[in-house]
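Each residue of the sequence shown is one higher than the one before, starting from 3 at the first, in this note's numbering.
Input: a single structure, listed below in C-alpha coordinates.
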Amino acid sequence: MPVTVKDMMAAANAVVARIDTAQAKTILEQGGLLLDIRDAAELQATGRAAGAHHIPRGMLEFRADDTLQSHDPELRKNRPIILHCASGGRAALAGKLLKDMGYQQVYNLGGLVDWVNGGGELVSA
3 MPVTVKDMMA AANAVVARID TAQAKTILEQ GGLLLDIRDA AELQATGRAA GAHHIPRGML
63 EFRADDTLQS HDPELRKNRP IILHCASGGR AALAGKLLKD MGYQQVYNLG GLVDWVNGGG
123 ELVSA
(Lines of atoms letter the chains of each structure in order from A; the text may use other names.)
(Lines give C-alpha, C1' and ligand atoms only; values in the text may rest on other atoms or scores of the structure.)
Protein backbone atom coordinates (compact mmCIF):
# COMPACT_ATOMS: atom_id res chain seq x y z
CA MET A 3 0.00 0.00 0.00
CA PRO A 4 1.47 3.38 -0.94
CA VAL A 5 2.50 5.78 1.80
CA THR A 6 1.15 9.32 1.77
CA VAL A 7 2.74 12.49 3.09
CA LYS A 8 0.15 12.39 5.88
CA ASP A 9 1.43 8.92 6.83
CA MET A 10 5.06 10.08 6.71
CA MET A 11 4.28 13.13 8.85
CA ALA A 12 2.47 11.01 11.45
CA ALA A 13 5.43 8.61 11.65
CA ALA A 14 7.90 11.51 11.93
CA ASN A 15 5.90 13.32 14.59
CA ALA A 16 5.66 10.09 16.59
CA VAL A 17 9.45 9.82 16.96
CA VAL A 18 10.74 13.40 16.76
CA ALA A 19 9.85 15.59 19.72
CA ARG A 20 8.59 19.10 18.96
CA ILE A 21 10.23 21.70 21.19
CA ASP A 22 9.94 25.45 21.63
CA THR A 23 12.61 28.13 21.45
CA ALA A 24 13.26 28.13 25.20
CA GLN A 25 13.91 24.38 25.17
CA ALA A 26 16.06 24.76 22.06
CA LYS A 27 18.18 27.45 23.71
CA THR A 28 18.80 25.19 26.70
CA ILE A 29 19.91 22.34 24.43
CA LEU A 30 22.12 24.71 22.44
CA GLU A 31 23.78 25.96 25.63
CA GLN A 32 24.67 22.33 26.37
CA GLY A 33 26.38 21.83 22.99
CA GLY A 34 23.46 21.03 20.71
CA LEU A 35 23.33 22.04 17.05
CA LEU A 36 20.63 24.22 15.51
CA LEU A 37 20.27 22.97 11.95
CA ASP A 38 18.48 25.00 9.28
CA ILE A 39 17.42 22.69 6.46
CA ARG A 40 15.77 25.28 4.22
CA ASP A 41 16.97 25.93 0.69
CA ALA A 42 19.60 28.61 0.08
CA ALA A 43 17.03 30.87 -1.59
CA GLU A 44 14.93 30.81 1.59
CA LEU A 45 17.91 31.85 3.69
CA GLN A 46 18.66 34.70 1.27
CA ALA A 47 15.06 35.90 1.45
CA THR A 48 14.51 35.73 5.21
CA GLY A 49 17.86 35.46 7.00
CA ARG A 50 18.64 32.76 9.50
CA ALA A 51 18.50 31.97 13.18
CA ALA A 52 21.60 33.25 14.98
CA GLY A 53 24.12 30.44 15.29
CA ALA A 54 22.28 28.06 12.97
CA HIS A 55 24.23 25.66 10.80
CA HIS A 56 22.85 25.20 7.29
CA ILE A 57 22.44 21.98 5.33
CA PRO A 58 19.71 21.99 2.67
CA ARG A 59 17.16 19.20 3.13
CA GLY A 60 18.11 17.72 -0.23
CA MET A 61 21.69 17.12 0.95
CA LEU A 62 21.01 15.96 4.49
CA GLU A 63 21.50 12.22 3.93
CA PHE A 64 24.87 12.82 2.29
CA ARG A 65 26.06 15.17 5.05
CA ALA A 66 24.75 12.96 7.86
CA ASP A 67 26.36 9.69 6.73
CA ASP A 68 29.71 9.53 8.50
CA THR A 69 30.97 6.88 6.07
CA LEU A 70 30.98 9.34 3.16
CA GLN A 71 33.52 12.01 2.26
CA SER A 72 30.65 14.50 2.12
CA HIS A 73 29.94 14.00 5.85
CA ASP A 74 29.58 17.25 7.79
CA PRO A 75 31.61 17.01 11.02
CA GLU A 76 29.06 19.20 12.82
CA LEU A 77 26.72 16.20 12.66
CA ARG A 78 27.60 13.67 15.33
CA LYS A 79 25.28 10.87 16.37
CA ASN A 80 25.65 11.67 20.07
CA ARG A 81 25.15 15.45 19.63
CA PRO A 82 21.64 16.84 20.13
CA ILE A 83 20.32 18.24 16.85
CA ILE A 84 17.49 20.75 16.63
CA LEU A 85 16.02 21.04 13.16
CA HIS A 86 13.98 23.83 11.67
CA CYS A 87 12.68 24.71 8.24
CA ALA A 88 10.06 27.26 7.19
CA SER A 89 7.04 25.74 8.91
CA GLY A 90 8.11 22.47 10.57
CA GLY A 91 7.09 19.81 8.05
CA ARG A 92 10.46 19.27 6.45
CA ALA A 93 12.08 19.44 9.89
CA ALA A 94 9.87 16.60 11.13
CA LEU A 95 10.64 14.42 8.12
CA ALA A 96 14.36 15.23 8.34
CA GLY A 97 14.31 14.43 12.04
CA LYS A 98 12.91 10.98 11.40
CA LEU A 99 15.54 10.45 8.73
CA LEU A 100 18.31 11.33 11.19
CA LYS A 101 16.79 9.01 13.81
CA ASP A 102 16.69 6.23 11.20
CA MET A 103 20.39 6.91 10.53
CA GLY A 104 21.26 6.43 14.21
CA TYR A 105 21.20 9.98 15.55
CA GLN A 106 20.04 9.76 19.13
CA GLN A 107 18.74 13.18 20.19
CA VAL A 108 16.79 14.88 17.41
CA TYR A 109 14.24 17.63 17.90
CA ASN A 110 11.87 19.64 15.71
CA LEU A 111 11.76 23.36 16.48
CA GLY A 112 9.26 23.94 13.69
CA GLY A 113 9.77 26.92 11.45
CA LEU A 114 12.00 29.96 11.53
CA VAL A 115 8.97 31.96 12.64
CA ASP A 116 8.74 29.75 15.75
CA TRP A 117 12.35 30.63 16.59
CA VAL A 118 11.69 34.35 16.17
CA ASN A 119 8.32 34.32 17.97
CA GLY A 120 10.02 32.55 20.87
CA GLY A 121 12.58 35.31 21.23
CA GLY A 122 15.35 33.80 19.09
CA GLU A 123 17.69 36.18 17.31
CA LEU A 124 17.58 36.50 13.54
CA VAL A 125 20.57 37.47 11.41
CA SER A 126 20.49 38.59 7.81
CA ALA A 127 21.66 36.31 5.05
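By construction, the Cβ of each residue, glycine as well, lies at the ideal position given by its N, Cα and C atoms.
Check your understanding: Sorted by chain position, which residues of the same chain lie with C-beta nearer than 7 Å to Ile57's C-beta, five sequence neighbours on each side aside?
Key -> For the purposes of this step, residue 57 is taken as the residue at position 55 of the sequence shown. Only Leu37, Ile39, Arg65, Asp74 meet the Cβ criterion.
Exercise for review: Assign Asp102 to one of two classes, buried (16 or more other C-beta atoms within 10 Å of its C-beta) or exposed (fewer than that).
Suggested key: For this step, residue 102 is matched to residue 100 along the sequence shown. Classification for Asp102: exposed.
Exercise for review: Look at the Cβ atom of Gly104, then the Cβ atom of Leu85, and state whether they are nearer than 8 Å.
Suggested key: Translated into the one-based positions of the sequence shown, residue 104 becomes position 102. Translated into the one-based positions of the sequence shown, residue 85 becomes position 83. Leu85 is positioned such that its CB atom lies no closer than 8 Å to that of Gly104.
Review point. In the structure shown, what three-state DSSP assignment does Asp68 receive?
Key: Within the sequence shown, numbered from 1, the residue matching residue 68 stands at position 66. Looking at Asp68 - three-state DSSP - the assignment turns out to be coil, as it is neither helix nor strand.
Exercise for review: Go ahead and pull the three-state DSSP assignment for Arg59.
Suggested key: Within the sequence shown, the letter at position 57 stands for residue 59. Note: Arg59 maps to helix in three-state DSSP.
Practice item. Return helix, strand or coil for Leu85, following the three-state DSSP convention. Key: Counting from one through the sequence shown, the residue named residue 85 turns up at place 83. Note: Leu85 maps to strand in three-state DSSP.
Review point. Whole-angstrom Cβ separation of Arg59 and Arg92, contact assumed at under 8 Å?
Key: Counted from its first residue, the sequence shown places residue 59 at position 57. Counted from its first residue, the sequence shown places residue 92 at position 90. That pair is a contact at about 5 Å.
**Study point:** Pair within 8 Å by beta-carbon distance, Gly90 and Gly122
**Key:** By one-based count along the sequence shown, residue 90 stands at place 88. By one-based count along the sequence shown, residue 122 stands at place 120. Between Gly90 and Gly122, the C-beta gap is not smaller than 8 Å, which leaves the two residues out of contact.
Practice item. Let me know if Gln4 comes out buried or exposed under the rule of 16 or more other beta-carbons within 10 Å of its beta-carbon. Key: Numbered from 1 along the sequence shown, position 2 holds the residue referred to as residue 4. Correcting the residue type first, residue 4 is Pro in the shown sequence and not Gln. Exposed is the call here.
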